[in-house]
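Chains as they are written, first to last, in the working numbering: chain A, 408 to 563; chain B, 408 to 563.
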DNA sequence: GAAATTTATATTGTGCACAATTAAATTTCG
DNA sequence: CGAAATTTAATTGTGCACAATATAAATTTC
C-alpha cells in the first residue's frame, strides 16, 4: 500500500532549484516591463505604487502609506520628496498630531490617474495569463508573503 | 448553454488587485527572512546568489555570472569587489581574452559552502509548503519571468 | 505634572539595480 | 593588413531598500 503524504522540500543549493531566486528574478523582470510604461508618466515603479495607494485613498500619513506598501520612512521620505518636487503631492504635518505627515495629492497628482489607466491594460495584455491564472498566482504570492511575515518563533 | 472560455484580466489600479505588487512584496519579504541566516555567513542576499552560482561552477566570467543571475556589470563589479575584499574569491583577467574577468573561489570561498548548507533547510522549514507546492510556485514564477523576457514586439 | 516611554518622521550609511557612458581588447570585413 | 564594429568590464549617477540612529511630539506612568 502507498502512503500519500506531503513530501518535504529537498534542501538544495543549486540556483535553479531555488524559489527565492525565481521570485527575485520574476520581480525584477516585472519591474523592467513596467519601466517604459512608467517612464511615459515620469514615475519609477515604487513611485507608481505610492500613487496607486493615494489614488485609492488620499490624505494618508507616511506611516499609513508605509503599512500599505511595507516600506519604512527611510525609503518613503526621500521618495515622497521627489514626488513633491514633481508637484504630484504635498506633505504637511497634521494639526491634530504634529508627529504625523499627511500626504495629499495635488491637482496634477489626481490628473495623472487618468493617464495611468492605460498601464494595467497594457500589462494585462503583456502577461498572457487568463484572469483565473492571474488571480491564482497573485493570491499564492500573497499567501507566501503572509507566511513569511509570521515571526520565526511562533509557527505551526 | 454556457461558454467556457478564458476570461480576460480586468484592468485595475487598486493595489490589492496587482500581481506586480504581490510579487514585489513577496520578494522583499523573502529576502528579509533570508537576512538573519545570511548575516551569520557575512553575506547579503545577492552575494549569496553569486556564491551559489560559483559553488555550482567555479571560474565563470563576470558576463557568465551576469547571464545566470540576470545582472549587469554595474551591479556585479562592485559586489564582486566586496566578495574579493572578504577573501571569498579572486578576480583576474583571462590570458586568452583580456576583456574577460574570471572569478575564482578562494579556499575560504569553497569552505563557506559547508556552512551555507543549513540555509536551504532552514528556509524549507520556514516556508511551510509541500515539495509539490514549492515546485509548482517556483515553476510558475520561472514561466512568468520567461514570458516577461519576451520582447514586446514579438508576442503571441 | 515632571519623568519615562512610545510613536512618527527624518537622517545617515551601506549595498544593490540599472541606465548611460567609457575604455580596452577582439573580431569582422573591405 | 587595418579601420570599423563588436564585445567585455568598469565607471558614473540616480533611486530605491533597509538598518541604525536622531529628534521631536505625544502619551503614559508615577
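The beta-carbon is built from N, C-alpha and C at its ideal position, and this holds for glycine as well.
On a predicted model such as this, the values are computed, not experimentally measured, just so you know.
Check, Outcome
"Chain B contacts from the region 449-472 of chain A (Cβ-Cβ distance under 7 Å)", "456, 459, 460, 462 and 463"
"Residue 509(B) - containing beta strand (DSSP E), residue span", "508-512"
"Same chain only: Cβ atoms within 8 Å of residue 525(B), ignoring 5 sequence neighbours per side", "444"
"Residue 562(A) versus residue 437(A): straight-line alpha-carbon distance, rounded", "In this prediction, residue 562(A) scores a pLDDT of 48, lower than 50, which makes its location untrustworthy; the coordinate-derived value is nonetheless stated afterwards. Spanning the two alpha carbons is a distance of roughly 31 Å."
"Sufficient close CB pairs (3 or more, under 8 Å) joining the region 467-475 of chain B to the region 422-440 of chain B", "no"
"Where the region 421-449 of chain B meets chain A: residues whose CB sits under 9 Å from a CB there", "421, 422, 423, 424, 425, 426, 427, 428, 429, 430, 431, 432, 433, 434, 435, 436, 437, 438, 439, 440, 441 and 443"
"Length of the line joining the Cα atoms of residue 485(A) and residue 491(A)", "10 Å"
"Pick from 440(B), 538(B) and 520(B) that is closest to residue 452(B), judged by C-alpha positions", "440(B)"
"Rounded separation between residue 517(A) and residue 495(A) - CA only", "8 Å"
"Chain B contact for residue 510(A) (CB, 8 Å cutoff)", "no"
"Residue from 498(B), 419(B), 425(B) and 534(B) with nearest C-alpha to residue 551(A)", "534(B)"
"Nearest-angstrom Cβ-Cβ length linking residue 456(A) and residue 426(B), presumed shorter than 8 Å", "Their Cβ separation, rounded to whole angstroms, is 13 Å, which puts residue 456(A) and residue 426(B) out of contact at 8 Å."
"Own chain partners of residue 408(B) with C-beta closer than 7 Å, once the 5 adjacent residues on each side are dropped", "none"
"Residue 497(A): first and last residue of the uninterrupted beta strand (DSSP E) it sits in", "496-500"
"Below-8 Å beta-carbon distance, residue 547(A) vs any chain B residue", "yes"
"Bridge partner(s) assigned by DSSP for residue 468(A)", "509(A)"
"Alpha-carbon spacing of residue 475(A) relative to residue 464(A), whole angstroms", "11 Å"
"Partner residues on chain A for residue 414(B), Cβ-Cβ distance less than 8 Å", "537, 538 and 539"
"Rounded straight-line distance, which links the Cα of residue 460(A) to that of residue 520(A)", "11 Å"
"Proximal chain A residues relative to residue 419(B), where beta-carbon distance stays under 8 Å", "527"
"Beta-carbon proximity list for residue 515(A), same chain, < 7 Å, skipping 5 on both sides", "494 and 495"
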